[in-house]
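Numbering (my numbering), first residue to last: 3 to 223.
Quick look at the structure:
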């Protein structure tokens, strides 16, 4: 059994601005609730990973802050600079280089603790990343002791992280790799088996439950 010597850092933007490409998957009044449910499932899975000793969430959203604090996460405010600025602040300033740090997307509702644990063990004390299911994004970026996280999230982040010297990890981790940007992504995580919060919200709406794919296609893209 590995010691819980990793700190996970999860950035969460204001829910009113979150997941714009996912709009239409649920009624508009429930959109923020869906975004929050996915954050709660993600943080729950991370906290259950035996390699993770602490979860730090960087956010200025009051509802998200309260929800993740109730799950045991430490909440720090967003100092600006977008997603990468939030991650640099959380990983390299708040946590610091004395610990191994893992930056994760906050929209991984099908994440399994053992998948994350396997990825962290594979990363070891190196700067490494996991490519998303689409093949161009990043769902996990790690930094070993004494090194900066140096996040390059955004369009084409997988290529950007590789170009910056990070090592791509090649494990079979479907729940870790499947982030949710579109209604199609949401259908996929339901088929993989989403967490309790996401499934409960969709069941309450009468749209779908885990193992189901009855989620509307959403607006044209």
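Glycine included, every Cβ here is placed at the ideal spot set by N, Cα and C.
Fair warning: this is a prediction, and the values are worked out from it, not measured in the lab.
Checklist entry - residue 117 by DSSP, collapsed to three states: which one? => result The answer is helix: DSSP assigns residue 117 an H, G or I state.
Checklist entry - alpha helix (DSSP H) containing residue 194: first to last residue? => result That run of the alpha helix (DSSP H) goes 185 to 194.
Checklist entry - Are the Cβ atoms of residue 166 and residue 139 separated by less than 9 Å? => result The Cβ-Cβ distance between residue 166 and residue 139 does not fall below 9 Å.
Checklist entry - Residues in its own chain within less than 8 Å of residue 207 by CB, not counting five upstream and five downstream? => result Taking residue 207 as the centre and dropping the five residues before and after it, the same chain places the C-beta of 28, 29, 32 closer than 8 Å to its C-beta, in chain order.
Item to check | Endpoints, alpha helix (DSSP H) assigned at residue 177 | outcome: Where residue 177 is concerned, the enclosing alpha helix (DSSP H) stretches over 176 to 179.
Checklist entry - Quick check: the stretch 32 to 49 against the stretch 77 to 93, are there 3 or more CB pairs under 8 Å? => result Because the criterion of three Cβ pairs below 8 Å is not met, the stretch 32 to 49 and the stretch 77 to 93 do not touch.
Item to check | residue 182 in three-state terms, based on DSSP | outcome: The three-state reading of DSSP puts residue 182 in coil, since its state is none of H, G, I, E or B.
Next on the checklist: Mapping the DSSP letters down to three states, classify residue 219 as helix, strand or coil.
Outcome noted: Any reading at residue 219 needs caution, since the residue's pLDDT is 46, under 50, leaving its predicted position unreliable; the model's value is listed next. Coil.
Checklist entry - Of all the alpha helix (DSSP H) runs that stay within the bounds of the stretch 20 to 62, which reach a length of 4 or more residues? => result The stretch 20 to 62 contains these whole alpha helix (DSSP H) runs: 33 to 49.
Checklist entry - Is residue 65 helix, strand or coil by DSSP? => result Helix at residue 65.
Item to check | beta strand (DSSP E) segment containing residue 103, residue limits | outcome: Counting along the chain, the unbroken beta strand (DSSP E) around residue 103 starts and ends at 102 to 106.
Next on the checklist: I believe residue 62 touches residue 16 by the beta-carbon criterion, under 8 Å. Please report the beta-carbon distance rounded to the nearest angstrom.
Outcome noted: Right, the Cβ-Cβ distance comes to about 6 Å (below 8 Å), so this counts as a contact.
Checklist entry - What are the boundary residues of the alpha helix (DSSP H) that residue 143 is part of? => result It is not in any alpha helix (DSSP H) - residue 143 instead sits in the beta strand (DSSP E) that spans 140 to 145.
Item to check | residue 136 - containing alpha helix (DSSP H), residue span | outcome: Counting along the chain, residue 136 falls outside any alpha helix (DSSP H), and DSSP gives it neither H nor E.
Checklist entry - According to the neighbour-count rule (16 or more other Cβ atoms, all chains shown, within 10 Å of its Cβ), is residue 174 buried or exposed? => result Result: exposed.
Next on the checklist: Using C-beta distances below 7 Å, list every residue in its chain close to residue 127, excluding the 5 sequence neighbours before and after it, in chain order.
Outcome noted: Cβ within range, chain order: 102, 146, 147.
Checklist entry - Is residue 3 helix, strand or coil by DSSP? => result Any reading at residue 3 must be qualified, since the residue scores a pLDDT of 48, below 50, and its modelled position is unreliable; the value itself is stated next. In this structure, DSSP gives residue 3 a state outside helix and strand, which the three-state scheme calls coil.
Next on the checklist: Strictly by DSSP, which residues pair up with residue 155?
Outcome noted: Residue 155 pairs with nothing; no bridge assigned.
Item to check | Assigned exposure category for residue 106 - 16 Cβ within 10 Å defines buried | outcome: Burial call: buried.
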